[in-house]
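Heads up, the thing below is written out as structure tokens.
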Amino acid sequence: MEPRIETLAEKKLIGKKITMSLTDNRTGELWKGFMPRRKEIQNSMGPELYSMNVYGPLYFESFSPSNPFEKWAELEVTNFNTVPDEMETYTLPAGLYAVFHYKGSGTDTGIFDYIYSSWLPNSDYLLDNRPHFEVLGEKYKNGSPDSEEEIWIPIRLK
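The opening position of the sequence shown corresponds to residue 2 in our numbering, with each subsequent residue numbered one higher.
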């Protein structure tokens with residue numbers, strides 16, 4: 002599976018976040034709190050949902066499944082003029098990304114094993130310290146084997 006390499010422009014996002022780890026996965030809790038309220042975001046740029054992970058600068062250097070990170074559930078917006086109560090803003094910085102098209106239920110972590118253990122070490126790129134995210138568009142069907150999404154991994158040239 003080869004990704005497309007894309008330069009992403011800065012994006013403005015509004016949503017909810019939670020601190021979690023892979024061993025204390027609170028993704029369901031986050032989305033359960035966000036989805037009923039997403040329509041309160043008045044200036045969204047489209048229906049696509051963003052599932053974003055913000056890792057600390059040493060997260061991957063001393064990787065452990067118990068390392069904490071921020072997980073976000075968000076929508077892209079035109080501006081931050083109106084932010085619903087109990088939601089926050091995030092400016093996703095511009096940069097280079099490897100974009101993988103994924104089809105599956107989302108419970109199989111094999112795609113991430115492939116990206117970090119096989120594709121990345123054999124590519125012309127290094128992991129960059131910017132957020133990682135998935136774009137959940139119209140073909141995304143939570144838990145379905147027919148679900149499709151894009152996985153965006155921040156990279157920089159070696």
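Where is the CB? At the ideal position from N, CA and C, for every residue including glycine. Just so we're clear, the structure is a prediction, and the values are computed from it rather than from any experiment.
Identity of the residues DSSP links to residue i by a beta bridge
| i | result |
| --- | --- |
| methionine 21 | Phe70 |
| proline 155 | Tyr98 |
| asparagine 54 | Lys72, His133 |
| lysine 142 | Answer is none; lysine 142 lacks a bridge partner. |
| leucine 121 | Answer by DSSP bridge pairing: none, since leucine 121 is not bridged. |
| tyrosine 126 | Leu158 |
| leucine 163 | Any question about residue 163 goes unanswered here, given that the chain covers just 2 to 159. |
Supposed close pair residue i, residue j - CB separation, criterion 8 Å
| i | j | result |
| --- | --- | --- |
| alanine 74 | glutamate 11 | About 20 Å separates the two Cβ atoms, so there is no contact after all. |
| glutamate 87 | serine 45 | No, glutamate 87 and serine 45 are not in contact; Cβ-Cβ is about 17 Å, not under 8 Å. |
| lysine 159 | aspartate 129 | So it is not a contact: roughly 11 Å between Cβ atoms. |
| lysine 104 | serine 52 | No, lysine 104 and serine 52 are not in contact; Cβ-Cβ is about 16 Å, not under 8 Å. |
| proline 4 | glutamate 41 | Contact doesn't hold; Cβ gap of about 34 Å is too wide. |
| leucine 93 | proline 48 | That belief does not hold up - the Cβ atoms of leucine 93 and proline 48 are roughly 18 Å apart, past 8 Å. |
| methionine 14 | tyrosine 91 | Per the sequence shown, the amino acid found at residue 14 is leucine instead of methionine. With a Cβ gap of about 5 Å, leucine 14 and tyrosine 91 count as contacting. |
Bounding residues of the alpha helix (DSSP H) (the contiguous stretch that carries residue i)
| i | result |
| --- | --- |
| phenylalanine 113 | 111-115 |
Range of the contiguous beta strand (DSSP E) that encloses residue i
| i | result |
| --- | --- |
| arginine 131 | Looking at the DSSP string, arginine 131 is not in any beta strand (DSSP E), and its letter there is neither H nor E. |
| threonine 92 | 89-93 |
| leucine 9 | 5-9 |
Residue i at chain D interface by Cβ criterion, 8 Å
| i | result |
| --- | --- |
| leucine 14 | Going by chain labels, chain D is absent from the structure shown, which holds only one protein chain. |
Any chance the segment 65-78 sits against the segment 108-123, with 3 or more Cβ pairs inside 8 Å?
-> Segments in contact, no.
Jot down the residue ranges of each uninterrupted alpha helix (DSSP H) in the segment 22-50, minimum 4 residues, whole runs only, in chain order.
-> As for any alpha helix (DSSP H) of minimum length 4 sitting wholly inside the segment 22-50, the runs are 28-35, ordered along the chain.
Contact the segment 76-90 vs the segment 54-62: 3+ CB pairs below 8 Å | Verdict: no, contact absent.
Validate contact between the segment 27-46 and the segment 114-129 using beta carbons, cut 8 Å, 3 pairs = The count of Cβ pairs closer than 8 Å, one atom from the segment 27-46 and one from the segment 114-129, stays below three, leaving the stretches out of contact.
Three or more C-beta pairs closer than 8 Å, one from the segment 96-105 and one from the segment 143-158: is that the case here?
-> Touching, yes.
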